[in-house]
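Working notes, beginning with the structure itself.
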Amino acid sequence: MKAKFFAALLCLCVVLAAACGTPDGLDREALNPACPPGLGRGLLDDGFLGPDDERGGPAVRKLLRNPDFGASSEAAEDLRGGVVDPRLVETLRTVTERHRICVDVFKEGHFFVQGVEDGPRIPDGYGEAGGLPNTHFFGRAADIRYVDGEPVEGNGLSPEVLDVGRVLADIPGQNRPDQIIGPGDWTRELGFGYEEGWILYKDQLDLHNKHLHLGYIRENGTRNTR
Ligand SMILES: [Zn+2]
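Quick note on numbering: the numbering used here labels position 143 of the sequence shown as 147, and the sequence is numbered without any gaps.
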């Protein structure tokens with residue numbers, strides 16, 4: 005009787021292990037995808053990076069295959085099309101070492117003001133930043149909207165979203181984005197400033213209460229001094 009019981013128990017364990025195992029990370033992704041359903045790849049979206057899609061170069065392909073990185077279809081297409089600055093690709097990869105992130109936009113589909121098409125300069129009406137160069141337009145900016153499955157909006161003080169800021173701060177100044185903008189509480193709690201690449205203007209913090217913006221102002225190098 006006892007033997008039968010253990011045999012049944014063993015069977016149950018085998019079945020459970022088969023159902024819950026994560027040999028390839030896909031189950032983990034299904035439970036807690038980088039982007040929420042409807043944004044970015046789902047398990048059924050095999051067009052996200054098909055086996056014969058070799059565009060974008062090795063770093064981009066690696067990022068797109070990383071289950072800790074999620075992207076909207078526009079953002080993934082910008083990556084595959086070579087639109088995104090390699091420094092930004094590397095920074096996002098660095099963040100995924102500790103966190104699961106969802107980028108909803110690089111260049112395609114970005115707009116500062118509803119109904120106004122993006123160009124090389126920020127349009128008037130976007131806080132006080134009108135007239136400044138638009139880093140999204142040049143493929144040098146990313147907006148992270150979800151961290152570890154939670155929206156940035158309303159979670160500026162969550163340990164995960166705060167830690168993304170600390171991961172960024174650990175990147176050497178010459179590689180770190182020099183246009184880091186996020187929610188006001190996130191920015192204040194982290195305490196970094198202009199020297200480290202953080203933007204502190206109140207109008208910009210107010211405009212970034214739902215996402216983290218990482219940008220490189222210049223084509224080469226950064227203005228970070230720390
Ligand atoms: Zn942005």
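The beta carbon of each residue, even a glycine, is placed where N, CA and C say it ideally should be.
Check: Whether His215 touches Gly186 by CB criterion (9 Å); Outcome: yes
Check: Which of helix, strand or coil DSSP assigns to Leu211; Outcome: helix
Check: Buried/exposed call for Asn233, threshold 16 Cβ in 10 Å; Outcome: There is no way to answer for residue 233, as the model of the chain reaches only from 5 to 230.
Check: Same chain only: Cβ atoms within 8 Å of Gly74, ignoring 5 sequence neighbours per side; Outcome: Pro37, Ala38, Cys39, Leu43, Gly44, Arg45, Arg104, Ile105, Cys106, Val107, Tyr150
Check: Arg2, buried or exposed, once every other Cβ within 10 Å from all chains shown has been counted against 16; Outcome: No statement about residue 2 is possible, as the shown extent of the chain runs from 5 to 230 and does not include it.
Check: Heavy atom of ligand 1 within 8 Å of Gly219 beta-carbon; Outcome: yes
Check: Range covered by the beta strand (DSSP E) that runs through Ala146; Outcome: 145-151
Check: Three-pair Cβ contact test at 8 Å for the segment 84-97 versus the segment 115-131; Outcome: no
Check: Residues of its chain near Arg82, where Cβ-Cβ distance is below 6 Å and the 5 sequence neighbours each way are ignored; Outcome: A quick correction: the sequence has Asp, not Arg, at residue 82. Closer than 6 Å at the Cβ level, and outside the excluded window around Asp82, lie Val88, Phe110, Lys111, Glu112.
Check: Short Cβ contact (9 Å threshold) for Lys66 with Arg97; Outcome: yes
Check: Leu172 - containing alpha helix (DSSP H), residue span; Outcome: 163-174
Check: Pick from Trp190, Ile148, Glu199 that is closest to Arg99, judged by C-alpha positions; Outcome: This sequence places Val at residue 99; Arg is not what is there. It is Ile148 whose Cα lies nearest to the Cα of Val99.
Check: Beta-carbon contacts of Asp130 that lie in its chain and below 8 Å, excluding the five residues immediately before and after; Outcome: The residue asked about is misnamed: residue 130 is Tyr in this sequence, not Asp. Answer for Tyr130: Phe116, Val117, Leu211, listed in chain order.
Check: For Asp108, three-class secondary structure by DSSP; Outcome: strand
Check: Pro124 versus Arg84, Gly134, Asn213, Asn138, residue with shortest Cα-Cα distance; Outcome: Asn138
Check: Test item: CB-CB of Gly169 and Leu194 under 9 Å; Outcome: yes
Check: Span separating the alpha-carbon of Pro62 from that of Ala146; Outcome: 19 Å
Check: Tyr205 burial status per 10 Å Cβ neighbour count (16 or more: buried); Outcome: exposed
Check: Ile184 beta carbon less than 9 Å from that of Leu136; Outcome: no
Check: Pairwise C-alpha distance: Phe142 and Arg84; Outcome: 15 Å
Check: Exposure label - Gly134; buried when at least 16 CB within 10 Å; Outcome: exposed
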